[in-house]
Amino acid sequence: MKMNRISAKKFFGFLLVLLITLGSTTTTFRQFTNFPREIRLLQGEWRKLQLSMPVTATANVSNPAVLHVNGAANARVPLDLKQPMTLLPQAVGKTQLTLKLFGKLPIKQVDVQVYPQLKVVPGGQSIGVKLRSDGALVVGHHVVHSKNKEVKSPAEQADIRVGDYLVRMNGKPVKQIRDVADAVNQAGKEKRVLNMVVMREGKKRTVSIRPVFDEKEQMYRLGLYIRDSAAGVGTLTFYDPAHQVYGALGHVITDMDTGQPIRVGDGKIVQSSVTSIQKGESGEPGEKRAIFFQENQVLGNIKKNTPFGIFGQLGDMPGAGEAKQAIPVALADQVKEGPAKILTVVEGQKVEAFDIQILHALRQKYPATKGLIIKVTDPRLLKKTGGIVQGMSGSPILQNGKLVGAVTHVFVNDPTSGYGTFIEWMLQDAGVMQTSAGTLSGPAVFCVTITENWERKAGEIDHRVDQTI
Numbered sequence: 001m002k003m004n005r006i007s008a009k010k011f012f013g014f015l016l017v018l019l020i021t022l023g024s025t026t027t028t029f030r031q032f033t034n035f036p037r038e039i040r041l042l043q044g045e046w047r048k049l050q051l052s053m054p055v056t057a058t059a060n061v062s063n064p065a066v067l068h069v070n071g072a073a074n075a076r077v078p079l080d081l082k083q084p085m086t087l088l089p090q091a092v093g094k095t096q097l098t099l100k101l102f103g104k105l106p107i108k109q110v111d112v113q114v115y116p117q118l119k120v121v122p123g124g125q126s127i128g129v130k131l132r133s134d135g136a137l138v139v140g141h142h143v144v145h146s147k148n149k150e151v152k153s154p155a156e157q158a159d160i161r162v163g164d165y166l167v168r169m170n171g172k173p174v175k176q177i178r179d180v181a182d183a184v185n186q187a188g189k190e191k192r193v194l195n196m197v198v199m200r201e202g203k204k205r206t207v208s209i210r211p212v213f214d215e216k217e218q219m220y221r222l223g224l225y226i227r228d229s230a231a232g233v234g235t236l237t238f239y240d241p242a243h244q245v246y247g248a249l250g251h252v253i254t255d256m257d258t259g260q261p262i263r264v265g266d267g268k269i270v271q272s273s274v275t276s277i278q279k280g281e282s283g284e285p286g287e288k289r290a291i292f293f294q295e296n297q298v299l300g301n302i303k304k305n306t307p308f309g310i311f312g313q314l315g316d317m318p319g320a321g322e323a324k325q326a327i328p329v330a331l332a333d334q335v336k337e338g339p340a341k342i343l344t345v346v347e348g349q350k351v352e353a354f355d356i357q358i359l360h361a362l363r364q365k366y367p368a369t370k371g372l373i374i375k376v377t378d379p380r381l382l383k384k385t386g387g388i389v390q391g392m393s394g395s396p397i398l399q400n401g402k403l404v405g406a407v408t409h410v411f412v413n414d415p416t417s418g419y420g421t422f423i424e425w426m427l428q429d430a431g432v433m434q435t436s437a438g439t440l441s442g443p444a445v446f447c448v449t450i451t452e453n454w455e456r457k458a459g460e461i462d463h464r465v466d467q468t469i
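Mapping to full-length UniProt numbering: the sequence shown position 422 is 422, numbers consecutive.
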């Protein structure tokens with residue numbers, strides 16, 4: 001009898017596993033498991049969802065003023081789950097959609113966020129970027145020649161590390177590296193300790209150091225190499241005339257030696273003109289060679305340097321872009337694999353459109369980099385540049401009449417291909433679109449100067465001469 005019970009348990013267990021296995025291959029099961037928990041919609045654009053279940057249910061909407069289901073403005077809407085349901089956003093805001101089987105048993109709950117219909121002017125213009133850091137960035141240590149002997153860097157002995165920012169000296173803010181050199185010399189001559197505020201990974205700490213006189217240089221030193229500025233060429237992604245803000249590059253500007261994101265103290269963008277192209281080849285990324293044009297005519301400022309680009313105020317759109325009018329933007333989950341275009345400059349200041357393929361659009365619910373894998377297919381661009389080159393970073397990606405993203409990286413071993421980022425995340429950082437609940441996580445996103453040996457940022461920023469102190 002006991003053996004029969006064990007056999008029966010095994011049989012029913014096997015049958016259960018078989019049913020689950022077979023069920024998991026059905027369309028209904030896949031639709032149920034893939035049913036979204038969060039949906040972002042643009043006002044005026046509907047979306048269909050389907051479960052393909054032969055049962056009845058109700059859709060409970062917590063705020064029907066924000067969302068209608070199947071055209072009904074009710075808080076409870078009867079559904080036949082064999083048929084697709086249509087979500088119609090009515091107003092900007094948040095609501096919750098709960099599906100209840102037979103009107104009683106909750107089976108799915110969806111958070112719905114409705115954004116205003118957004119239109120921005122796509123860029124493509126080549127821009128010169130001049131960025132000054134908030135404080136002086138430590139990029140190295142050196143010995144000090146004191147009384148016929150070499151002394152280890154006093155700053156290194158005080159645990160000042162490469163990647164730290166010197167933000168205050170004796171109570172005064174560090175606005176440029178000259179401020180540091182002057183403060184060190186003054187403290188040395190007065191035979192007193194130099195009190196500094198150092199920023200490391202977002203946290204401040206106070207450090208006291210006594211400068212050492214360098215017999216060779218005849219100056220007081222801390223034994224540091226510091227840097228406070230960077231300059232380079234990139235591409236404007238978009239301009240929002242309603243708020244007079246812009247976004248560019250599509251990736252963070254990092255220090256070339258430390259890999260640290262540069263903390264923005266001050267910055268500006270100016271016009272740039274492409275003079276020539278170094279064509280990209282496998283193993284050797286190409287680049288746009290460009291000059292800053294009319295540097296005294298500042299286009300805009302730089303207020304933010306984030307994983308998704310640089311952002312600031314811009315008075316007016318520079319030059320005449322390929323698309324002169326504002327166009328709609330696409331949310332991340334609206335971007336499809338298939339044909340698209342990029343806007344960029346390959347000669348002078350002329351913005352042109354080139355064909356690409358979006359090979360893969362990653363399903364990103366929250367802000368994250370490298371959401372798109374793209375491939376250049378336009379014969380003209382392939383002949384001129386070999387594909388994606390440095391300086392194209394920020395080139396807007398257009399699909400079906402909408403701005404969907406920006407070029408950010410090139411694959412070193414295949415210059416025809418690279419990464420892009422979704423425009424939704426850039427708009428959030430620009431302050432144009434309300435941010436979602438998610439945040440960017442993980443330190444790897446900041447290491448984008450050369451993240452791996454097979455990819456490179458499509459807009460390297462050169463750096464100014466270092467100062468020795």
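All C-beta atoms in this analysis are idealised placements derived from N, C-alpha and C, irrespective of residue type, glycine included.
None of these values were measured; they are calculated from a predicted model.
Once the 5 residues before and after residue i are set aside, which same chain residues still bring their CB inside 8 Å of it?
i	result
Gln399	Ala330, Val335, Lys336, Gly338, Pro339, Ala340, Lys341, Ile358
Phe446	Reliability fails at Phe446, whose pLDDT of 27 lies under 50, so the model's placement of it is uncertain and no value is given.
Glu201	none
Can you tell me which of the three DSSP states residue i falls into?
i	result
Gln399	strand
Leu440	Only weak support is given to the placement of Leu440: the predicted model assigns it a pLDDT of 38, under 50, and the value that follows is read from those uncertain coordinates. In this structure, Leu440 counts as coil in the three-state DSSP scheme.
Arg40	strand
Thr58	strand
Ala136	strand
Pro116	coil
Phe411	strand
Gly387	coil
Arg210	coil
Asn170	coil
Ala231	strand
Leu49	strand
Lys130	strand
Leu249	coil
Output needed for residue i: all residues of its chain with C-beta closer than 6 Å, excluding positions within five of it in sequence on either side, in chain order.
i	result
Pro318	Gln125, Gln271, Leu299
Under 7 Å Cβ to Cβ from residue i, same chain only, skipping five residues before and after it: list those, please.
i	result
Ile469	Val180, Ala181, Val184, Arg221, Leu222, Leu224, Ile226
Arg132	Asp228, Ser229, Gly265, Asp266, Gly267
Thr237	Gly123, Gly247, Ala248, Gly250, Gly309, Gly394, Pro396, Ala406, Met426
Pro285	Val389, Gln390, Val410, Val412, Pro415, Arg456
Glu150	Val143
Does chain C have any CB closer than 8 Å to the CB of residue i?
i	result
Val432	Within the model displayed, chain C is absent; a lone protein chain is all it includes.
Using a threshold of 8 Å, state whether the C-beta atoms of residue i and residue j are closer than that.
i	j	result
Val245	Leu314	yes
Pro116	Leu403	no
Ala290	Gly391	yes
Val114	Leu41	yes
Ile310	Ala248	yes
Thr235	Thr377	no
Val112	Thr86	no
Pro106	Gln50	no
Thr98	Leu79	no
Leu194	Met169	yes
Tell me residue i's beta-bridge partners as DSSP assigns them.
i	result
Thr306	Gly309
Val376	Ile356
Gln428	In the DSSP output, where bridge partners are listed per residue, Gln428 has none listed.
Thr421	Ala406
Val197	Arg168, Thr206
Ser146	Lys149
Ala181	Note: Ala181 sits in no beta bridge, so no partner.
Glu284	Glu281
*Is there contact here, the segment 135 to 146 with the segment 163 to 177, by at least three beta-carbon pairs under 8 Å?*
In the pairwise beta carbon analysis, the segment 135 to 146 is classified as touching the segment 163 to 177: at least three pairs are separated by under 8 Å.
_Cβ contact check for the segment 276 to 289 and the segment 380 to 389: 3 or more pairs under 8 Å_ = Yes, since at least three Cβ pairs between the segment 276 to 289 and the segment 380 to 389 fall closer than 8 Å, the two stretches touch.
*Would you call the segment 354 to 370 and the segment 421 to 432 touching, i.e. three or more CB-CB distances under 8 Å?*
In short, these stretches touch, since the Cβ pair count reaches three.
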